[in-house]
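> Residue numbers (the numbering used here), protein chains in the order written: chain X, 29 to 281; chain U, 29 to 281; chain F, 29 to 281. The beta-carbon is built from N, C-alpha and C at its ideal position, and this holds for glycine as well. Computed from a prediction, not measured in an experiment: that's the story for all the values here.
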Amino acid sequence: MHAPVEFADLAADVVARIKSRAPRVHCITNYVAQNYTANVLLSAGAIPSMTISPGEIAAFVASADALLVNLGTFDAERRAAVDAALDAAEQGRKPWVLDPVFIERSPARAEFARKLVIRRPTVMRLNQREFAALTGNTTEKPQDFAQAHEIVVAVTGGHDMVTDGRRSVTVSNGDPLMSVVTAMGCAGSALVAAALAVEADPWLATNAALIALGVAGEVAAKSAPAPGRFASWIIDALYTLDRATLRERTKVS
Amino acid sequence: MHAPVEFADLAADVVARIKSRAPRVHCITNYVAQNYTANVLLSAGAIPSMTISPGEIAAFVASADALLVNLGTFDAERRAAVDAALDAAEQGRKPWVLDPVFIERSPARAEFARKLVIRRPTVMRLNQREFAALTGNTTEKPQDFAQAHEIVVAVTGGHDMVTDGRRSVTVSNGDPLMSVVTAMGCAGSALVAAALAVEADPWLATNAALIALGVAGEVAAKSAPAPGRFASWIIDALYTLDRATLRERTKVS
Amino acid sequence: MHAPVEFADLAADVVARIKSRAPRVHCITNYVAQNYTANVLLSAGAIPSMTISPGEIAAFVASADALLVNLGTFDAERRAAVDAALDAAEQGRKPWVLDPVFIERSPARAEFARKLVIRRPTVMRLNQREFAALTGNTTEKPQDFAQAHEIVVAVTGGHDMVTDGRRSVTVSNGDPLMSVVTAMGCAGSALVAAALAVEADPWLATNAALIALGVAGEVAAKSAPAPGRFASWIIDALYTLDRATLRERTKVS
Numbered sequence: 029m030h031a032p033v034e035f036a037d038l039a040a041d042v043v044a045r046i047k048s049r050a051p052r053v054h055c056i057t058n059y060v061a062q063n064y065t066a067n068v069l070l071s072a073g074a075i076p077s078m079t080i081s082p083g084e085i086a087a088f089v090a091s092a093d094a095l096l097v098n099l100g101t102f103d104a105e106r107r108a109a110v111d112a113a114l115d116a117a118e119q120g121r122k123p124w125v126l127d128p129v130f131i132e133r134s135p136a137r138a139e140f141a142r143k144l145v146i147r148r149p150t151v152m153r154l155n156q157r158e159f160a161a162l163t164g165n166t167t168e169k170p171q172d173f174a175q176a177h178e179i180v181v182a183v184t185g186g187h188d189m190v191t192d193g194r195r196s197v198t199v200s201n202g203d204p205l206m207s208v209v210t211a212m213g214c215a216g217s218a219l220v221a222a223a224l225a226v227e228a229d230p231w232l233a234t235n236a237a238l239i240a241l242g243v244a245g246e247v248a249a250k251s252a253p254a255p256g257r258f259a260s261w262i263i264d265a266l267y268t269l270d271r272a273t274l275r276e277r278t279k280v281s
Numbered sequence: 029m030h031a032p033v034e035f036a037d038l039a040a041d042v043v044a045r046i047k048s049r050a051p052r053v054h055c056i057t058n059y060v061a062q063n064y065t066a067n068v069l070l071s072a073g074a075i076p077s078m079t080i081s082p083g084e085i086a087a088f089v090a091s092a093d094a095l096l097v098n099l100g101t102f103d104a105e106r107r108a109a110v111d112a113a114l115d116a117a118e119q120g121r122k123p124w125v126l127d128p129v130f131i132e133r134s135p136a137r138a139e140f141a142r143k144l145v146i147r148r149p150t151v152m153r154l155n156q157r158e159f160a161a162l163t164g165n166t167t168e169k170p171q172d173f174a175q176a177h178e179i180v181v182a183v184t185g186g187h188d189m190v191t192d193g194r195r196s197v198t199v200s201n202g203d204p205l206m207s208v209v210t211a212m213g214c215a216g217s218a219l220v221a222a223a224l225a226v227e228a229d230p231w232l233a234t235n236a237a238l239i240a241l242g243v244a245g246e247v248a249a250k251s252a253p254a255p256g257r258f259a260s261w262i263i264d265a266l267y268t269l270d271r272a273t274l275r276e277r278t279k280v281s
Numbered sequence: 029m030h031a032p033v034e035f036a037d038l039a040a041d042v043v044a045r046i047k048s049r050a051p052r053v054h055c056i057t058n059y060v061a062q063n064y065t066a067n068v069l070l071s072a073g074a075i076p077s078m079t080i081s082p083g084e085i086a087a088f089v090a091s092a093d094a095l096l097v098n099l100g101t102f103d104a105e106r107r108a109a110v111d112a113a114l115d116a117a118e119q120g121r122k123p124w125v126l127d128p129v130f131i132e133r134s135p136a137r138a139e140f141a142r143k144l145v146i147r148r149p150t151v152m153r154l155n156q157r158e159f160a161a162l163t164g165n166t167t168e169k170p171q172d173f174a175q176a177h178e179i180v181v182a183v184t185g186g187h188d189m190v191t192d193g194r195r196s197v198t199v200s201n202g203d204p205l206m207s208v209v210t211a212m213g214c215a216g217s218a219l220v221a222a223a224l225a226v227e228a229d230p231w232l233a234t235n236a237a238l239i240a241l242g243v244a245g246e247v248a249a250k251s252a253p254a255p256g257r258f259a260s261w262i263i264d265a266l267y268t269l270d271r272a273t274l275r276e277r278t279k280v281s
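1) State the Cα-Cα distance for the pair U:Val180 and U:Leu154, rounded to the nearest angstrom.
2) Could you give the DSSP three-state label for X:Phe35: helix, strand or coil?
3) Could you pull out every residue in the same chain whose Cβ sits closer than 6 Å to the Cβ of U:Ala233, ignoring the five residues on either side in sequence?
4) Are three or more beta carbon pairs between the segment 32-44 of chain F and the segment 272-281 of chain U nearer than 8 Å?
5) Would you mind stating whether U:Ala89 and U:Lys122 have Cβ atoms separated by less than 9 Å?
6) Between which residues of its own chain and F:Asp229 is the CB-CB distance below 7 Å, once the five residues before and five after are set aside?
7) If you follow the beta strand (DSSP E) that X:Val97 is part of, which residue opens it and which one closes it?
8) For U:His54, list the residues DSSP reports as bridge partners.
9) What's the gap between the Cα of X:Thr150 and the Cα of F:Pro149?
10) Compute the Euclidean distance between the alpha carbons of U:Phe102 and X:Met78, then round it to the nearest angstrom.
11) Note down, in chain order, every chain X residue with its Cβ under 8 Å from the Cβ of U:Thr210.
12) For U:Pro135, count neighbouring C-beta atoms within 10 Å of its own C-beta (all shown protein chains included) and say buried if the count is 16 or more, exposed if not.
13) Determine, using beta carbons only, whether U:Asn201 and U:Glu246 come nearer to each other than 9 Å.
14) Can you check whether the CB of F:Ser260 is closer than 9 Å to the CB of X:Ala259?
15) When you compare only the Cα positions, how much space is there between F:Ala112 and F:Ile56?
16) By the criterion of Cβ-Cβ separation under 9 Å, what are the contact partners of U:Trp261 in chain F?
17) Is there at least one Cβ from chain F nearer than 9 Å to X:Pro82's Cβ?
18) Would you please verify whether the beta carbon of U:Val220 is less than 9 Å from any beta carbon of chain X?
19) Between the beta-carbon of F:Ala66 and the beta-carbon of F:Pro51, is there less than 9 Å?
20) Short of 7 Å in beta carbon distance, which residues of its chain neighbour X:Ile262, apart from the five on each side in sequence? Order them along the chain.
21) Hey, which unbroken runs of the alpha helix (DSSP H) at 4 residues or more fall wholly within the segment 171-241 of chain U?
22) Given that F:Arg137 touches chain U, what residues does it touch there, using C-beta distances under 7 Å?
23) Can U:Arg194 be considered in contact with the ligand NAD, in the sense that its beta carbon sits closer than 8 Å to one or more heavy atoms?
24) What does the alpha-carbon distance come out to for the pair X:Ser91 and X:Ala117?
25) Does the distance from the CB of F:Tyr267 to the CB of X:Val129 come in under 9 Å?
26) U:Val125 bridges to which residues according to DSSP?
27) Between U:Gly100 and chain B, is there a C-beta pair that is closer than 9 Å?
28) Can you look up X:Val42 in the DSSP assignment and give me helix, strand or coil?
29) So the candidates are U:Arg137, U:Asp188, U:Gln119, U:Arg157; which of them puts its Cα closest to the Cα of U:Ala94?
30) Should F:Met29 be labelled buried (16 or more other beta-carbon atoms within 10 Å of its own) or exposed?
31) Is there a Cβ from chain X that is less than 9 Å from the Cβ of F:Asp264?
32) Do you know offhand how far U:Arg107's Cα is from X:Ser217's?
33) Does chain F have any CB closer than 9 Å to the CB of U:Ala87?
34) Just to confirm my understanding: we take F:Thr163, look at its own chain, exclude 5 residues before and 5 after, and list those with CB closer than 7 Å. What are they?
35) Using the C-alpha atoms, what's the distance from U:Arg194 back to U:Phe159?
36) If we define contact as Cβ-Cβ less than 9 Å, is X:Ser217 a contact residue for chain U?
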């Protein structure tokens with residue numbers, strides 16, 4: 029269906045479009061992840077905003093190009109913000125990404141995530157444990173879930189499985205250090221949102237963002253062998269990511 | 029009026045006074061910026077505190093030497109905190125800085141900022157878009173606004189314009205990477221607050237802080253060519269900033 | 029009682045156990061410290077979580093191995109979260125660490141800290157000013173306080189004094205740069221919580237964590253001479269900390 033070089037070029041195109049168009053990405057995300065997420069978006073060329081204030085979130089989403097809804101450090105204020113933000117996103121037909129962080133640790137959060145899936149996120153990104161908690165069923169396949177809910181599902185980990193029900197690929201870029209830096213997954217979801225702002229096919233956009241972040245991780249790990257420095261270097265690798273590097277490293281099957 | 033070397037020495041003096049006196053700076057700032065702002069203040073030699081809890085903010089401000097009011101991730105709790113903090117600042121005659129982040133994206137926030145201007149911040153630091161949103165008038169000059177409200181206004185960007193209505197200069201230090209790191213402007217406003225704690229003339233204090241941060245940015249950019257590492261290196265450049273470097277690099281006109 | 033080499037081996041054992049068992053540490057901590065604390069825990073091999081949402085904090089604590097209660101950016105929501113978390117910790121017999129940040133600046137916060145001491149934290153870590161504010165008595169000795177309340181007390185600073193009333197030692201590892209990075213003390217308390225999850229003797233666990241962090245600080249300072257880079261390098265030093273380095277550097281008397 030797609031050769032790795034096509035995905036590499038797709039990722040390079042999306043990265044270039046984010047840089048040239050500077051899309052605004054509004055992020056409802058947890059306090060732990062806010063600063064790192066903002067820096068990842070800025071390094072990619074996007075403009076982050078983060079307010080959850082009820083009196084202004086609709087205005088922020090209305091003037092944004094994409095929305096991220098991350099459920100980490102989930103509280104009443106944030107739930108209200110999510111509702112208002114999704115109303116504004118639906119009205120403005122903005123793409124949005126759902127990242128149901130840590131729902132395997134909290135039944136209340138998993139229940140809220142299920143309600144959000146009904147509102148049809150453009151993309152849902154989560155790990156295997158979170159996917160199992162969401163479906164309550166360890167045998168359900170991401171493909172079937174994606175098809176049933178008409179969304180793109182990305183189950184990330186050592187390998188990232190990206191599916192819209194019809195099309196499915198596995199992205200195998202990245203480095204183990206990425207799991208030793210907090211908010212890396214959250215920042216990845218924010219990058220998916222930025223990609224959705226510049227690529228109309230959400231399955232392609234998701235692949236492009238995950239490839240870009242994974243390749244940046246590989247480049248960073250060469251110079252920064254431990255998580256403290258790695259957290260900075262991956263931002264720098266994303267800032268300087270070019271087509272040649274993407275062509276050399278993209279691993280999609 | 030002032031030659032660059034005078035400004036360089038001013039900046040060096042203010043930097044040295046912050047280091048020796050270790051002023052306490054209470055910051056009401058957004059979640060995205062808190063950690064970075066605290067580290068910038070610590071590297072300069074100041075003591076940051078950040079609570080917005082209604083039961084204790086007055087006590088924190090009363091025992092601080094300066095206050096920062098930043099309107100990012102603005103919510104009801106923070107608005108109440110601002111009121112209590114400004115009461116305490118007025119009572120204790122503490123200098124304070126207003127940083128009306130992103131008011132061009134939110135009419136409610138712009139309205140709140142206008143009310144805060146009436147309470148006479150010692151210094152207001154903002155960018156050109158925010159200034160236009162505040163005044164609702166793209167032709168109003170910062171000089172006139174500063175004079176009318178009897179405050180110092182710093183409109184920052186590629187060049188920083190600093191005016192108290194009578195005296196106006198342009199500080200041209202800095203590096204483009206500073207705009208690719210989140211919270212850099214917020215941290216700059218916090219540094220202005222620290223300068224106000226050790227320099228009685230708020231116009232001089234503002235210039236000193238913006239020169240110091242801008243020169244630190246130039247020094248950092250020499251060693252750190254991308255935003256991830258740059259974010260750390262500018263903190264280090266501020267920590268080691270000396271008079272010779274300031275004299276060599278200060279650009280004021 | 030214990031020779032430095034015994035403490036070095038203790039620290040190495042605890043560090044190895046955290047890496048192999050990956051204990052879950054739930055942290056109620058201030059916004060300034062959340063990201064850095066999470067990265068310090070991840071680099072040591074622990075799994076951080078940070079929610080304070082009333083609807084789910086009990087579930088998070090019930091599935092955690094240790095709990096941190098840090099009083100920075102203290103507010104009503106956080107006080108309620110602390111109560112719910114301590115109920116869950118008591119029911120599950122989970123060890124917990126109290127870090128009463130900045131109580132010398134806020135009488136309300138000091139009062140709340142005193143109430144928490146009655147609930148018997150496994151360990152209380154604080155600095156000298158905070159200890160004086162807590163006891164309201166500059167002559168009370170940590171040993172007596174520890175014995176009276178049947179807790180471990182660690183008064184940290186240039187030297188860390190660790191006592192359970194019967195056993196007392198001074199850990200003299202660390203580097204002055206540690207006090208120029210925000211959240212370093214908070215992260216240290218989180219590391220104590222991780223150690224409590226893998227070492228049943230809380231006095232030994234506290235010593236092990238403080239030695240490990242202090243030695244990591246010494247190693248980091250050799251390569252990173254200023255606070256911006258140091259903040260990353262200490263995470264890396266913790267990630268790669270080995271028994272030989274601990275044996276070479278541990279200073280306990």
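This is what the structure gives:
1) 11 Å
2) helix
3) Ala223, Leu224, Glu227
4) no
5) Correcting the residue identity first, residue 89 of chain U is Val in this sequence and not Ala. Against a cut-off of 9 Å, the Cβ pair of U:Lys122 and U:Val89 comes out as a contact.
6) none
7) 94-98
8) U:Ser77, U:Leu95
9) 45 Å
10) 10 Å
11) Asn63, Ala66, Asn67, Leu70, Pro76
12) exposed
13) yes
14) yes
15) 11 Å
16) Ala254, Gly256, Arg257
17) no
18) no
19) no
20) Ala244, Gly245, Ala248
21) 212-224
22) Glu84
23) Looking at this structure, you won't find the ligand NAD or any other ligand, since it has none at all.
24) 10 Å
25) no
26) U:Leu96, U:Val151
27) The question asks about chain B, but that chain is absent: this structure's protein chains are X, U and F.
28) helix
29) U:Gln119
30) Any reading at F:Met29 needs caution, since the residue's pLDDT is 49, under 50, leaving its predicted position unreliable; the model's value is listed next. Label assigned to F:Met29: exposed.
31) yes
32) 30 Å
33) yes
34) Phe173
35) 19 Å
36) no
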